[in-house]
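Enquirer: Take this structure first; my questions come after.
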Amino acid sequence: MDAGDRGPSGAAPEEAHRHLLELLRGIRDLDAALGAWRPDYGGLPARGAPDPEPPADLARAHHRYAAGLRYFAANPAVLEGLGDAARGDVEAAMADARDRCGGPAIPFEDLMRGRPGRAAGGAPPWEGPERGGRGEPPVPAAPGEPGEGRRPRSGVALWIGVAALLVAALIVTVVLVAAHVFLGTGPTAAPGVPTAAPATLPPGAVSTGSLPDVLAPAQACAAIPSGQLAPGLAIAATSTGIGTDPATGYSTPYIAVTLASPVGAQTPAFTLVAVVLPSGASPPSSGPPIDRAGIVQLIARWDGAHWFAALRSWSGSSWSAPADSGVQGVDVTQSGATLTIYWQGLNDSDQLGEIVAASGGCATHDLDAGLTPTTRYAG
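The sequence shown maps to residues 4 to 382 in our numbering.
Written out as structure tokens, the structure reads:
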């Protein structure tokens, strides 16, 4: 697959990532409002109960969900440009809708009819009413017997069953009492592993304000590397993987960058650019240094108080202007000295590198002298 077939280097892949982000946010809000309305979608686990304070605009949440799935159903080729995890999630969501409703998305009225997602004492709506398996037919009645709701022909069978249960319960009780008397209380069971709380964005995370000139420090560098950065901005380590994006609540590929010092109010303004070069792609060969690094750039900008996230991409003839996280689905979080950039477009074959730019100059990490990334994304 060449660079024109995958990755956000063209209009179609960029549109695909925008629809993916809208889809994830729609599913998140439906989960919060409806609880158990669906099975797990790949890496998107289902929720057992609705939030105490769910989103108010349920119709908007459903529109995001349905519009996303209908887009991917109408454009199946763009799924190849998504990461493996994202592609599996979308395909699982479409398969669930097809099994239950025969279409790419579950209609709004069908969701409302089943609200809050599980009838009292019944099976979840994605499971069959009799056998609990998706798509499995109910067990048919035997010939000559009534179907749904049939009862035993005689009360004798019912009493025999009750008596058998009482005898079994008595035997179990005797065994447990004897074990307690002769063997003692035994070791105390270790406490269960607590369920992880949903991730939340830390204070000072990605700003929702207007996007500043996030690339200005990098564009000001006539050569990369050049100048001298504050010691705390040096990159100490990087890692990649798949983790829970606090902005969506779902599993998303990420790049984590650890600086020499934690970022805070005392940290000068700077920009971190994660350079992405898909396998087989060629970066631009002309222009300023920042424009010759990769064909996708994930941008995290610290202005001294807030984070801003953006993405720019190479079309083959020009770079796009940096687009903010609400359009491109790039999310940034910070914990101490570690910055984590989440983006669904990362793939196992992508080569990665980093550039840090501030008023004092630009520095590189995981890039060679020609600004070619030297490390690979490993999910």
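Cβ coordinates follow ideal geometry from the N, Cα and C atoms, glycine included.
Measuring alpha carbon to alpha carbon, tell me which residue in E83, P42, A360 is nearest A219.
Expert: Taking only the C-alpha atoms, the option nearest A219 is A360.
Enquirer: With DSSP as the reference, label Q222 as helix, strand or coil.
Expert: Note: Q222 maps to helix in three-state DSSP.
Enquirer: Between which two residues does the alpha helix (DSSP H) containing R67 stretch?
Expert: Unbroken alpha helix (DSSP H) run through R67: 61-77.
Enquirer: Give the straight-line distance between the Cα atoms of L262 and L61, rounded to the nearest whole angstrom.
Expert: Going from the Cα of L262 to the Cα of L61 covers about 41 Å.
Enquirer: Please report the straight-line C-alpha distance between L72 and D371, rounded to a whole angstrom.
Expert: Cα to Cα, the separation comes out at about 40 Å.
Enquirer: Using a Cβ-Cβ cutoff of less than 8 Å, which residues in the same chain neighbour A225 once the five nearest sequence positions on both sides are dropped?
Expert: Once the five neighbours on either side are set aside, the close Cβ partners of A225 are P291, P292.
Enquirer: From which residue to which residue does the beta strand (DSSP E) around G356 run?
Expert: Segment 354-361, the beta strand (DSSP E) holding G356.
Enquirer: If V279 and L301 are in contact, beta carbons under 8 Å, what's the gap, nearest whole angstrom?
Expert: The Cβ separation is near 7 Å, so the contact holds.
Enquirer: Go ahead and pull the three-state DSSP assignment for D294.
Expert: DSSP places D294 in helix when its eight states are reduced to three.
Enquirer: In the DSSP output, which residue or residues are listed as bridge partners for L275?
Expert: Bridge partners of L275: A303, V359.
Enquirer: Identify, in the order they occur along the chain, each residue of the same chain with its Cβ nearer than 6 Å to the Cβ of T241, setting aside the five sequence neighbours on each side.
Expert: Only V260 meet the Cβ criterion.
Enquirer: Which of the three DSSP states is assigned to R31 in this structure?
Expert: Residue state, collapsed to three classes: helix.
Enquirer: Using three-state DSSP, classify P376 as helix, strand or coil.
Expert: DSSP places P376 in strand when its eight states are reduced to three.
Enquirer: DSSP three-state call for R90: helix, strand or coil?
Expert: In this structure, R90 counts as helix in the three-state DSSP scheme.
Enquirer: Using 8 Å as the threshold, is the C-beta distance between A296 and L236 below it?
Expert: Against a cut-off of 8 Å, the Cβ pair of L236 and A296 comes out as no contact.
Enquirer: Is DSSP giving D54 helix, strand or coil here?
Expert: Of the three classes helix, strand and coil, the one that applies to D54 here is coil, per DSSP.
Enquirer: Give the single residue among P256, L214, Q269, L275 whose Cα lies nearest to the Cα of I238.
Expert: Closest by alpha carbon: L275.
Enquirer: So which of S254, G86, L342 has the shortest CA-CA distance to S264?
Expert: Measuring from the Cα of S264, the nearest candidate turns out to be L342.
Enquirer: DSSP state of V260, grouped into three classes?
Expert: V260: strand per DSSP, three-state reduction.
Enquirer: Who are the Cβ neighbours of L114 in its own chain at under 8 Å, not counting the five residues just before and after it?
Expert: Closer than 8 Å at Cβ, skipping near neighbours: L33, L37, W40, H65.
Enquirer: On the premise that V335 lies in contact with A366, defined as a C-beta separation below 8 Å, what is that separation, rounded to the nearest angstrom?
Expert: Going by Cβ atoms, the distance from A366 to V335 rounds to 19 Å, so no, they are not a contact pair.
Enquirer: Once you ignore the five residues that flank W346 on each side, which residues in its own chain have a CB closer than 6 Å to its CB?
Expert: Cβ within range, chain order: L301, V333.
Enquirer: Indicate the three-state DSSP secondary structure (helix, strand or coil) for I227 in the structure shown.
Expert: Reduced to three states, the DSSP call for I227 is coil.
Enquirer: Answer yes or no: do A233 and G363 have a C-beta to C-beta separation smaller than 8 Å?
Expert: Yes; because the gap between Cβ atoms is below 8 Å, this pair is in contact.
Enquirer: Any heavy atom of the ligand MG closer than 7 Å to the Cβ of P48?
Expert: As presented, the structure is devoid of all ligands, the ligand MG included, so that no description of it is given.
Enquirer: Whole angstroms is fine: what's the gap from A96's alpha carbon to Q269's?
Expert: Approximately 45 Å between the Cα atoms of the pair.
Enquirer: Which residue or residues does DSSP assign as beta-bridge partners of G319?
Expert: Paired residue(s): none; G319 is not in a bridge.
Enquirer: Taking C-beta to C-beta, are G91 and G45 nearer than 8 Å?
Expert: It is a contact, given that the beta carbons lie within the stated cut-off.
Enquirer: In terms of alpha-carbon separation, which member of I258, L82, R63 lies closest to G244?
Expert: Considering only alpha carbons, the answer is I258.
Enquirer: I'd like the list of long-range same chain contacts for A250, defined as Cβ closer than 6 Å, with 5 residues on each side in sequence excluded.
Expert: Correct list, in chain order: D334.
Enquirer: Can you give me the C-alpha to C-alpha distance between R21 and E94, rounded to a whole angstrom?
Expert: In a straight line, the C-alpha of R21 is about 17 Å away from that of E94.
Enquirer: Relative to the C-alpha of L27, which residue among A88, P53, S229 is closest?
Expert: Nearest C-alpha to L27: A88.
Enquirer: According to DSSP, which residues form a beta bridge with F311?
Expert: R304.
Enquirer: State the start and end residues of the unbroken beta strand (DSSP E) segment that holds Y345.
Expert: Where Y345 is concerned, the enclosing beta strand (DSSP E) stretches over 341-345.
Enquirer: Using beta-carbon positions only, say whether P376 and G348 come within less than 8 Å of one another.
Expert: Against a cut-off of 8 Å, the Cβ pair of G348 and P376 comes out as no contact.
Enquirer: Excluding five sequence neighbours on each side, which residues of the same chain lie with their C-beta closer than 8 Å to the C-beta of P286?
Expert: Excluding positions up to five away in sequence, the list reads L280, R295, A296, G297, I298, W317, L374, T375.
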